[in-house]
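In the numbering used here, the protein residues as written are 13 to 209.
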């Protein structure tokens, strides 16, 4: 990213409260750069992870990058009297799911809440941005496309994946959108009303 673009995005995200929700795909490691960049630009960032996401990147990494505890385990001993998924949902001006797996898209489209990420999304009232990343065969699956369409119709912000080399060595649609694209989408989403859950 060039310095001018970073400075402009910094003006828009400084002081804004953003929850980065990480799901269990190989692109989860790219969320580290997103969290780091948002923090450097002055955003207040919290991270939530699905259990599968922790198989790709440890919670300790996101705790170090954000400077805050990471929400992973729904049944962990609470660190305060607050209900974690509710307090994070209230904190969030924006929830950015990066990367969003096919599993996550299906759950949210169906209203399923069985981990921290899905419950925060359900309880939230601000805008929700999802950046899918997966194998091209999964991305082109009609059910995945239908779920994305459902979410878009409900007001969710979809950052479509890019074409490129995928984790399995194949080429196709499904590569996580680039950092600059995701940051620009975050800025746009912050300027619009929420999804209402």
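Backbone N, C-alpha and C define an ideal beta-carbon position, used for all residues, glycine too.
- DSSP, read as helix, strand or coil, puts residue 106 in strand.
- Minimum Cα-Cα distance from residue 81 among the listed residues 61, 122, 162, 98 corresponds to 61.
- Inter-segment contact for the region 145 to 163 and the region 23 to 33 is absent: fewer than three beta-carbon pairs are separated by less than 8 angstroms.
- Looking at the DSSP output, residue 137 sits in no beta bridge, so it has no partner there.
- With a 10 Å radius around the Cβ and a threshold of 16 neighbouring Cβ atoms, residue 16 comes out exposed.
- Considered as a whole, the region 106 to 130 harbours 114 to 122 as its complete alpha helix (DSSP H) runs of no fewer than 4 residues, in chain order.
- For residue 56, the beta-bridge partners assigned by DSSP are 29.
- Closest in alpha carbon position to residue 18, among 200, 202, 196, 203, is 196.
- Under the 10 Å beta carbon count, residue 107 is surrounded by 16 or more other beta carbons and is classified as buried.
- The three-state secondary structure of residue 184, taken from DSSP, is strand.
- Taking a contact to require three or more Cβ pairs closer than 8 angstroms, the region 106 to 125 and the region 30 to 43 qualify as touching.
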